[in-house]
Amino acid sequence: MIRTLFLNLEGKYPAHILPDPWILYEKINGSKRGLFFMSGEEWAKNRSIMNKLVLKDDSEKWLENPIKSTIDNFLQKWKSKAITGCFTPALESDLYRLSTEVIINVLLGSNSSIKTSKHFEELLGFFSENVKKVFQTTTKLYGLPVSLCRYLNLKIWRDFEESVDLSIGIARKIVQEILNNHHDSNGLVKRLCNENVSEEDIKRIAADFVMAAGDTTAYTSLWILFLLAKNEDVRNDIRGKHKNYVKNVIKETMRLFPVAPFLTRILPKQSVLGSYVINQDTPIIASIYTSGRDEQNFSKANMFLPYRWDRNDPRKKELLNHVQSASVPFALGTRSCVGKKIAMLQMTEFIYQIVNNFDFTCSNSADVKAITSLVLVPDRDVKLTVSLLKKV
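According to the numbering used here, the sequence shown is numbered sequentially starting from 46.
Right under this line is the structure:
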């Protein structure tokens, strides 16, 4: 039914459910946001341009360099910490920062004349922490009457509004700086300019792009590292195989821990879904967390088995059930995740380099469990003990 919903019923201009705090914020401030908030013709026009720039097959040619260089810099920082022995990284903050820097470097491109400074580095750190607060405060507002929270000027609303103000403000300043120097760049901002997208729309699209990357790619990377830390055999599989094997690890992690556990659509007309006749404008929520862990869809559904995605692995024959469309972390259809190629390039390179340069174990004394908020997050900090990999 998930496949039917996204490929047959979502309509020409797919609509989805937006979080109430974000709708109210946009209404109060009169600020127009990026692709996630667009609808109708406006969304279709801008999405078509973004598809061309970041999803077409040849987009990898220009995306790889800024992504790889960002990850190389991250690796050097971890290596410098590991030289004197084991260390425990501030994993969530490190991964938020990495995801933010990847997207900013994608916006800049690989030959930008904009030079990073100590001030810029500090600004990025401040920005990534504020983006994290946006999602944390949004989660706390879930289920509450947000209009009343705002009317009463409750702290939870003030914290949310402040974090969004700061995040959007910083993101737009960063994008404006790139726009001012776009003639010397070959990144996404320059390419949007070449498509005759207005500066205001570029700021809207790019600012939201930066903010969206923080939570999604950061937490998926965190879950991957958590599972790898508990499965030495899979780490060894990665070290002994081609980089492409990492994609199986990513798929399996996203099956078990989809960063967006619920996908939503609003039906554009009366439709039949399964055995149900559903009225026009009905919001539909699909739990891909549930479908990904259903034994009818995946044999040994609660086990972390990346080889289930490898057609050439003989062990796959033991797993009778494998319904790929039951695990669609990037969604399907015309409104599927626009950043999925960037995310896959980033996570594939990142995990491959981390596993081949470091050894790591999970040092949490209690079980780490997933809790559902705006995204799927661990119920406590994931603690890894990291050391340099001893080369044989």
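Where a beta carbon is used, it is the ideal one built from N, C-alpha and C, also for glycine.
For S372 and I333, which I take to be in contact (beta-carbon distance under 8 Å), what is that distance rounded to the nearest angstrom?
On the sequence shown, position 327 is the one that residue 372 refers to. On the sequence shown, position 288 is the one that residue 333 refers to. Confirmed, about 6 Å.
Evaluate the contact criterion for the stretch 299-319 versus the stretch 417-430: three or more CB pairs, one atom per stretch, below 8 Å.
yes
Quick test of your reading: L152 and A251, contact by CB under 8 Å. State the CB separation rounded to the nearest angstrom.
One-based indexing of the sequence shown puts residue 152 at position 107. One-based indexing of the sequence shown puts residue 251 at position 206. With a Cβ gap of about 6 Å, L152 and A251 count as contacting.
Considering only residues of the same chain and omitting the five flanking positions on each side of R280, which have a CB-CB separation below 6 Å?
Counting from 1 along the sequence shown, the entry for residue 280 is found at position 235. So the qualifying residues of the chain are L273 and V400.
When you compare each of N239, I219, R284 and V291 to M256 by their alpha carbons, which one comes out closest?
Here residue 256 refers to the residue found at position 211 when the sequence shown is read from its first residue. Out of N239, I219, R284 and V291, I219 has the C-alpha closest to the C-alpha of M256.
From this set, I311, I329 and Y352, which residue's C-alpha is nearest G85's C-alpha?
Counting from one through the sequence shown, the residue named residue 85 turns up at place 40. Out of I311, I329 and Y352, I311 has the C-alpha closest to the C-alpha of G85.
The beta strand (DSSP E) that contains A415, what's its start and end?
Counting from 1 along the sequence shown, the entry for residue 415 is found at position 370. Per DSSP, A415 belongs to the beta strand (DSSP E) from A415 to T417.
Is the Cβ-Cβ distance between S155 and N231 less than 8 Å?
Locating residue 155 in the sequence shown gives position 110, counting from the first residue. Locating residue 231 in the sequence shown gives position 186, counting from the first residue. For S155 and N231, yes; Cβs fall inside 8 Å.
Just how far apart, CA to CA, sit S266 and F375?
Along the sequence shown, read from residue 1 onward, the residue named residue 266 stands at position 221. Along the sequence shown, read from residue 1 onward, the residue named residue 375 stands at position 330. The straight-line gap separating the alpha-carbon atoms of S266 and F375 is approximately 15 Å.
N-terminal and C-terminal residue of the beta strand (DSSP E) that I330 is part of:
Numbered from its first residue, the sequence shown carries residue 330 at position 285. I330 -> beta strand (DSSP E) spans P328 to S332.
Cβ distance (whole Å) where G79 is taken to contact D253 below 8 Å:
Numbered from 1 along the sequence shown, position 34 holds the residue referred to as residue 79. Numbered from 1 along the sequence shown, position 208 holds the residue referred to as residue 253. At roughly 3 Å, the Cβ-Cβ gap stays under 8 Å, so G79 and D253 are in contact.
Are the beta-carbon atoms belonging to I215 and L143 less than 8 Å from one another?
For the purposes of this step, residue 215 is identified with residue 170 of the sequence shown, where counting begins at 1. For the purposes of this step, residue 143 is identified with residue 98 of the sequence shown, where counting begins at 1. Their beta carbons are not under 8 Å apart, which means I215 does not touch L143 by this criterion.
Please state whether DSSP places V220 in a helix, a strand or coil.
Taking the sequence shown and counting its residues from 1, one reaches residue 220 at position 175. Assigned with DSSP and collapsed to three states, V220 falls in helix.
Would you be able to state if there are at least three C-beta pairs under 8 Å between the stretch 363-370 and the stretch 119-128?
no
Does V431 come out as helix, strand or coil in the three-state DSSP assignment?
For the purposes of this step, residue 431 is identified with residue 386 of the sequence shown, where counting begins at 1. Correct three-state label for V431: strand.
Between the Cα of I94 and those of W107, K126 and D246, spot the shortest distance and give me the residue it belongs to.
The residue given as residue 94 occupies position 49 in the sequence shown. Here the closest residue by C-alpha is D246.
Rounded straight-line distance, which links the Cα of R300 to that of N336:
Here residue 336 is taken as the residue at index 291 of the sequence shown, counted from 1. Here residue 300 is taken as the residue at index 255 of the sequence shown, counted from 1. Sequence check: residue 336 is Ser here, not Asn. Their Cα atoms are separated by approximately 9 Å.
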